[in-house]
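Residue numbers (my numbering), protein chains in the order written: chain A, 1 to 147; chain B, 1001 to 1147.
Note that the Cβ used here is the ideal one computed from N, Cα and C, for glycine as well.
This report refers to the structure that appears directly beneath it.
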Amino acid sequence: MVEWSAAERKIVADVWGKISIDEIGPQALARLLIVYPWTQRYFASFGDLSSAGAVLGNPKVSEHGKTVLGALDKAVKNMDDIKGLYAKLSKMHYDKLNVDPDNFRLLADCLSIVVATKFGSAFSPEVQATWQKFLSVVVAALTSKYF
Amino acid sequence: MVEWTEFERATIQDLFSKMDYDTVGQQSLARCLIVYPWTQRYFGNFGNLYNAAAIMGNPKVAAHGKVVIHGLDRAVKNMDNIKATYAELSVLHSEKLHVDPDNFRLLADCMTVVVAAQQGAAFTPDVQAALQKFLAVVVSSLGRQYH
């Protein structure tokens, strides 16, 4: 099981408490689609993703960004069993959505970048390390049903 | 050969012309050592790297961070031939320093986070994409002479 220190639990809760899902979710997903354009293959039904401007203004991207980030809320509130929590979601991404699990890490990276732009120097090295540990656990949990 | 758009060239020149190398260098290397602690194995003679505070305050980390970031200058000035620019440095890292090339990507990621935190909203998806592309080319060039 993943060990979390009291300080790490507090950092994750603090960061999450200062984030607006509606604002950050769309930004993270948009950056994924812009910075790693092959990820657009999973969103063929989303309409116009032909330029950064189009992606940033796309309402389906925005909606879906909120959905994805909303799902992180459960992990923040259940840090001691993230793997169990995401078992079904992992199976769905594997069986039904056929998502290459490398992409989970890319989205996690984009999320960290968005948080960094918002927090500035408050995204200290310790906060970065803890936040990235949390996201690594989430990514591992989402990959857990692939094998 | 890598193709660069006008926007990408201008963005990279702009970012680096305004960069505070001392701060970005120290922050990037410190974060790498803190967030990915196994990287400390390469710096056995740096003294106290025992915790985040020690790393952040370590003068050898700061000095070396500066050296590494200044190393990027040559790539900024030779964007059309980054591979040749770093051929010798790649041999050095592989044959003399024995650095696992995965670590180049980790340092590049930390540098991206530092720049994102500094720039805030000015670190738009397009700017992020340009910087990450530039760093990916640098990382690839540094890993090139390993095989």
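CA-to-CA distance, residue 123 of chain A to residue 1120 of chain B, given in whole angstroms: In the second sequence, counting from the first residue as 1, residue 1120 of chain B sits at position 120. In the first sequence, counting from the first residue as 1, residue 123 of chain A sits at position 123. Approximately 11 Å between the Cα atoms of the pair.
Residue 1157 of chain B and residue 1046 of chain B look like a contact to me (Cβ under 8 Å); what is the Cβ gap, rounded to whole Å? Residue 1157 of chain B lies beyond the residue range present for chain B, which begins at 1001 and ends at 1147; the question has no answer from this structure.
Ignore the nearest five residues each way along the sequence and tell me which others in residue 1123 of chain B's own chain have a CB closer than 7 Å to its CB. Taking the first residue of the second sequence as position 1, residue 1123 of chain B is located at position 123. So the qualifying residues of the chain are 1115 and 1116.
What does residue 1128 of chain B reach in chain A if we use C-beta pairs closer than 7 Å? Here residue 1128 of chain B is taken as the residue at index 128 of the second sequence, counted from 1. Within 7 Å Cβ-Cβ: 31, 35 and 113.
Counting only beta-carbon atoms, is residue 1108 of chain B nearer than 7 Å to chain A? The residue you call residue 1108 of chain B lines up with position 108 of the second sequence. No, its Cβ sits nowhere closer than 7 Å to a Cβ of chain A.
Can you name the start and end residues of the alpha helix (DSSP H) that residue 35 of chain A belongs to? What you label residue 35 of chain A is simply residue 35 of the first sequence in a count that begins at 1. Segment 21 to 35, the alpha helix (DSSP H) holding residue 35 of chain A.
For residue 39 of chain A, would you say it is in contact with chain B, using Cβ-to-Cβ distances shorter than 7 Å as the test? In the first sequence, the residue the question calls residue 39 of chain A occupies position 39. False, the Cβ-Cβ gap to chain B never drops below 7 Å.
Could you give the residue range of the alpha helix (DSSP H) that holds residue 1056 of chain B? Sequence index remark: in the second sequence, residue 1056 of chain B carries index 56 (1-based). Per DSSP, residue 1056 of chain B belongs to the alpha helix (DSSP H) from 1052 to 1057.
Under a Cβ-count criterion, where at least 16 other Cβ atoms within 10 Å of its own Cβ denotes burial, should residue 44 of chain A be classed as buried or exposed? Counted from its first residue, the first sequence places residue 44 of chain A at position 44. Flag for residue 44 of chain A reads exposed.
CB-CB length for residue 1024 of chain B against residue 1069 of chain B, believed under 8 Å: For the purposes of this step, residue 1024 of chain B is taken as the residue at position 24 of the second sequence. For the purposes of this step, residue 1069 of chain B is taken as the residue at position 69 of the second sequence. Contact holds; Cβ gap of about 6 Å.
Residue 3 of chain A (DSSP reduced to helix, strand or coil): The count along the first sequence starts at 1 and reaches residue 3 of chain A at position 3. In this structure, residue 3 of chain A counts as coil in the three-state DSSP scheme.
Does any residue of chain B have a CB that is nearer than 7 Å to the CB of residue 130 of chain A? Counted from its first residue, the first sequence places residue 130 of chain A at position 130. No, its Cβ sits nowhere closer than 7 Å to a Cβ of chain B.
Looking at residue 32 of chain A: is its Cβ nearer than 7 Å to the Cβ of residue 106 of chain A? Residue 32 of chain A sits at position 32 when you count from the first residue of the first sequence. Residue 106 of chain A sits at position 106 when you count from the first residue of the first sequence. Cβ distance < 7 Å, so residue 32 of chain A and residue 106 of chain A count as in contact.
Hey, how far is the Cα of residue 5 of chain A from the Cα of residue 1055 of chain B? Here residue 5 of chain A refers to the residue found at position 5 when the first sequence is read from its first residue. Here residue 1055 of chain B refers to the residue found at position 55 when the second sequence is read from its first residue. Going from the Cα of residue 5 of chain A to the Cα of residue 1055 of chain B covers about 20 Å.
Kindly list the residues whose CB is nearer than 8 Å to the CB of residue 49 of chain A, restricted to its own chain and excluding five residues on each side of it in sequence; keep chain order. Against the first sequence, residue 49 of chain A aligns to sequence position 49. For residue 49 of chain A, where only same-chain residues beyond five positions count, the Cβ hits under 8 Å are 33, 40, 43, 55, 58 and 61.
With burial defined as no fewer than 16 other Cβ atoms inside 10 Å of the residue's Cβ, what is the status of residue 18 of chain A: buried or exposed? For this step, residue 18 of chain A is matched to residue 18 along the first sequence. Residue 18 of chain A is exposed by the Cβ-count criterion.
Under 8 Å Cβ to Cβ from residue 142 of chain A, same chain only, skipping five residues before and after it: list those, please. Translated into the one-based positions of the first sequence, residue 142 of chain A becomes position 142. So the qualifying residues of the chain are 86, 89, 90, 93, 101 and 104.
Kindly list the residues whose CB is nearer than 6 Å to the CB of residue 1108 of chain B, restricted to its own chain and excluding five residues on each side of it in sequence; keep chain order. Working through the second sequence from its first residue, we reach residue 1108 of chain B at position 108. Excluding positions up to five away in sequence, the list reads 1135 and 1139.
Quick check: the segment 1091 to 1111 of chain B against the segment 1030 to 1045 of chain B, are there 3 or more CB pairs under 8 Å? yes
Which residues mark the beginning and the end of the alpha helix (DSSP H) in which residue 1140 of chain B is found? Mapped onto the second sequence, residue 1140 of chain B falls at position 140. Its alpha helix (DSSP H) spans residues 1125 to 1143.
Measure the C-alpha to C-alpha separation of residue 1154 of chain B and residue 1072 of chain B and round it to an integer number of angstroms. Chain B is shown from 1001 up to 1147; residue 1154 of chain B falls before or after that span and cannot be answered.
When you compare only the Cα positions, how much space is there between residue 30 of chain A and residue 1085 of chain B? For this step, residue 30 of chain A is matched to residue 30 along the first sequence. For this step, residue 1085 of chain B is matched to residue 85 along the second sequence. Rounded to whole angstroms, residue 30 of chain A to residue 1085 of chain B spans 33 Å at the Cα level.
So what does DSSP say about residue 1037 of chain B, is it helix, strand or coil? Translated into the one-based positions of the second sequence, residue 1037 of chain B becomes position 37. Helix, per DSSP.
Start and end residues, alpha helix (DSSP H) containing residue 59 of chain A: Here the question's residue 59 of chain A lines up with position 59 in the first sequence. It spans 59 to 77 - the alpha helix (DSSP H) in which residue 59 of chain A sits, taken as one unbroken run.
If residue 1002 of chain B and residue 129 of chain A are in contact, beta carbons under 8 Å, what's the gap, nearest whole angstrom? Taking the second sequence and counting its residues from 1, one reaches residue 1002 of chain B at position 2. Taking the first sequence and counting its residues from 1, one reaches residue 129 of chain A at position 129. Actually they do not touch by this definition, with Cβ atoms about 32 Å apart.
Compare the beta carbon distance of residue 21 of chain A and residue 70 of chain A with 7 Å and say whether it is the shorter of the two. To locate residue 21 of chain A, count along the first sequence from 1; it is residue 21. To locate residue 70 of chain A, count along the first sequence from 1; it is residue 70. Yes, Cβ-Cβ distance for residue 21 of chain A and residue 70 of chain A is below 7 Å.
How should residue 1091 of chain B be labelled, buried or exposed, when 16 other C-beta atoms within 10 angstroms of its C-beta is the threshold for buried? Looking up residue 1091 of chain B in the second sequence gives position 91. With fewer than 16 other Cβ atoms within 10 Å, it is exposed.
At 4 residues or longer, and completely inside the segment 69 to 129 of chain A: list those alpha helix (DSSP H) runs for me, N to C. 82 to 85, 87 to 95 and 102 to 119
Expected contact under 8 Å - CB spacing of residue 1082 of chain B and residue 1137 of chain B to nearest Å: One-based indexing of the second sequence puts residue 1082 of chain B at position 82. One-based indexing of the second sequence puts residue 1137 of chain B at position 137. The pair is a contact, with the Cβ atoms about 5 Å apart (cut-off 8 Å).
Would you mind stating whether residue 108 of chain A and residue 139 of chain A have Cβ atoms separated by less than 7 Å? For the purposes of this step, residue 108 of chain A is identified with residue 108 of the first sequence, where counting begins at 1. For the purposes of this step, residue 139 of chain A is identified with residue 139 of the first sequence, where counting begins at 1. It is a contact, given that the beta carbons lie within the stated cut-off.
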